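Peer 1:
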Amino acid sequence: MCLVDRMVNSLMKVDVREWDEDVLSDVLTTRDQELVWKIPLSTYVESDGWFWRKESSELFTVRSAYAILQQQKTSMEQPNFSGAWTKLWQLKLPPKVKDFLWRVCTNSLPTRFQLTTKHVPINSDCPMCSAAPETSLHVLVCCHFTQSCWRQVRVPAVGTDAMTFCSWWEEGLREWNEAERLEA
Numbered sequence: 001m002c003l004v005d006r007m008v009n010s011l012m013k014v015d016v017r018e019w020d021e022d023v024l025s026d027v028l029t030t031r032d033q034e035l036v037w038k039i040p041l042s043t044y045v046e047s048d049g050w051f052w053r054k055e056s057s058e059l060f061t062v063r064s065a066y067a068i069l070q071q072q073k074t075s076m077e078q079p080n081f082s083g084a085w086t087k088l089w090q091l092k093l094p095p096k097v098k099d100f101l102w103r104v105c106t107n108s109l110p111t112r113f114q115l116t117t118k119h120v121p122i123n124s125d126c127p128m129c130s131a132a133p134e135t136s137l138h139v140l141v142c143c144h145f146t147q148s149c150w151r152q153v154r155v156p157a158v159g160t161d162a163m164t165f166c167s168w169w170e171e172g173l174r175e176w177n178e179a180e181r182l183e184a
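Just so you know, we're using the UniProt record's numbering here: the sequence shown kicks off at 1 and counts up by one.
1) In whole angstroms, what separates the C-alpha of residue 13 from that of residue 37?
2) Determine the extent of the alpha helix (DSSP H) in which residue 144 is found, giving its start and end residues.
3) Kindly indicate which three-state DSSP category residue 172 falls into: helix, strand or coil?
4) Give me the Cα-Cα distance between residue 103 and residue 130, rounded to the nearest whole angstrom.
5) If I measure Cβ to Cβ from residue 123 and keep anything under 6 Å in the same chain, skipping five residues before and after, which residues do I get?
6) For residue 98, I'd like the list of residues in its chain whose CB is within less than 8 Å of its CB, leaving aside the five on either flank, ordered along the chain.
7) For residue 146, collect the residues of the same chain with a Cβ closer than 7 Å to its Cβ; drop the 5 residues on either side in sequence, then sort them by chain order.
8) Suppose the cutoff is 7 Å on Cβ atoms and the five residues either side in sequence are ignored; what does the same chain contact list for residue 24 look like?
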């Protein structure tokens, strides 16, 4: 069953106000099935139609969908990073550097590991050290080659116990600001 040009009622049992489990399992991922099951069905029989509750006009906009996705992504993956976003955009850096950091923090860089998650047939190991998968955190922080580069340009070391580049970046901002205060 293809869902293109279908209405919500095509996911429901005929003449009954409940979801059709067989149809849901045939056309939706497990995650999407769980989300559909959470949607309460109205007891009123109304004509089916398209509307978007996130806009007062009830019309879909890419802007509101993007806002929802960013909200979900930030709350699920980076709950403590919201203040650092503001700091990132306020830094006196070229826009392309800010964009690069944003891409790193949102896992949007095409690292070898990211490519394997998109089913690209590639070895995910770091090409510089082959000691770990090439993730943003590894290639920019944990790789021995990268660490020697940071030392060469005299960037103070920040612990590498971080789980994500974002948490490392946030810790780095704290430590670098503290070091700057001590030098002043």
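All residues carry an ideal CB built from backbone N, CA and C; glycine is no exception. Just so it is clear, the structure is predicted and the values come from calculations on it, not from any experiment.
Peer 2: Answer, in terms of the structure:
1) Within the sequence shown, residue 13 is the residue found at index 13, counting from 1. Within the sequence shown, residue 37 is the residue found at index 37, counting from 1. Their Cα atoms are separated by approximately 13 Å.
2) Residue 144 sits at position 144 when you count from the first residue of the sequence shown. Looking at the DSSP string, the run of the alpha helix (DSSP H) that includes residue 144 is 144-152.
3) Along the sequence shown, read from residue 1 onward, the residue named residue 172 stands at position 172. Here residue 172 sits in helix by DSSP.
4) Counted from its first residue, the sequence shown places residue 103 at position 103. Counted from its first residue, the sequence shown places residue 130 at position 130. Taking the straight line joining both Cα atoms gives about 23 Å.
5) Here residue 123 refers to the residue found at position 123 when the sequence shown is read from its first residue. Residues of the same chain with a CB within less than 6 Å of the CB of residue 123, apart from the 5 flanking positions on each side, do not exist.
6) Here residue 98 corresponds to residue number 98 of the sequence shown, with the count starting at 1. Once the five neighbours on either side are set aside, the close Cβ partners of residue 98 are 88, 89, 91.
7) Start at 1 with the first residue of the sequence shown, and residue 146 comes out as number 146. Short of 7 Å from the beta carbon of residue 146, and not among the five residues preceding or following it, lie these beta carbons of its own chain, in chain order: 139, 140.
8) Here residue 24 corresponds to residue number 24 of the sequence shown, with the count starting at 1. Result list for residue 24: 11, 33, 36, in chain order.
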